[in-house]
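Count along the sequence shown from 1, then add 24; that gives the number in our numbering.
Accompanying notes for the structure given below.
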Amino acid sequence: MAIPRAVTRFNKAVGNKLLIHLAGHGPFVELEHVGRKSGRVYRIPVNAFRHGDTVTFALTYGSRVDWLRNVRAAKGCRIRMGRRIVTLGAPVRLPAAVGLARMPAAARVVLRAVQVTEFVELPVLEERPVAGA
Numbered sequence: 025m026a027i028p029r030a031v032t033r034f035n036k037a038v039g040n041k042l043l044i045h046l047a048g049h050g051p052f053v054e055l056e057h058v059g060r061k062s063g064r065v066y067r068i069p070v071n072a073f074r075h076g077d078t079v080t081f082a083l084t085y086g087s088r089v090d091w092l093r094n095v096r097a098a099k100g101c102r103i104r105m106g107r108r109i110v111t112l113g114a115p116v117r118l119p120a121a122v123g124l125a126r127m128p129a130a131a132r133v134v135l136r137a138v139q140v141t142e143f144v145e146l147p148v149l150e151e152r153p154v155a156g157a
């Protein structure tokens with residue numbers, strides 16, 4: 025079960041504008057993607073966890089979120105993770121058990137409680153330091 029659409033709409037309108045300031049701290053990253061219809065560049069805050077040459081995302085709002093649809097269409101995106109810009113390739117769906125196992129213990133508790141069962145991983149294609157950092 026994903027988080028309800030009403031929460032998604034609220035976060036798009038209000039929450040993301042506040043949470044984007046946490047990007048680069050802990051699991052918060054700034055994900056940059058290009059709109060598949062508009063061509064516009066979007067930047068949103070999400071939680072991401074790196075495991076070697078992949079980055080894993082728990083799909084707390086389900087797999088039909090705009091950012092994931094745009095990333096699939098573009099076959100990749102960029103994230104600001106800590107003091108690094110990481111270019112990622114096309115997303116691959118993960119089995120729930122695999123995705124959950126990649127989450128830190130505290131995140132697993134929360135994800136189980138809200139019944140998140142969808143996860144994706146994206147391969148790391150390139151990384152570089154944030155300009156001016």
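Built from N, CA and C at the ideal position, the CB exists for glycine as well.
For V154, no beta strand (DSSP E) encloses it, and the DSSP letter there is neither H nor E. Scanning the region 51-90 from its first residue to its last, the whole beta strand (DSSP E) runs of 3-plus residues come out as 52-58, 65-71, 73-75 and 78-82.
Under the 8 angstroms Cβ criterion, the region 95-108 does not count as touching the region 128-139, having fewer than three qualifying pairs. Cβ contact annotation for V116 (same chain, cutoff 7 angstroms, sequence separation greater than five): V144 and E145, in chain order. Under the three-state reduction of DSSP, R108 is assigned to strand. With fewer than 16 neighbouring CB atoms inside 10 Å of its own CB, V122 falls in the exposed class.
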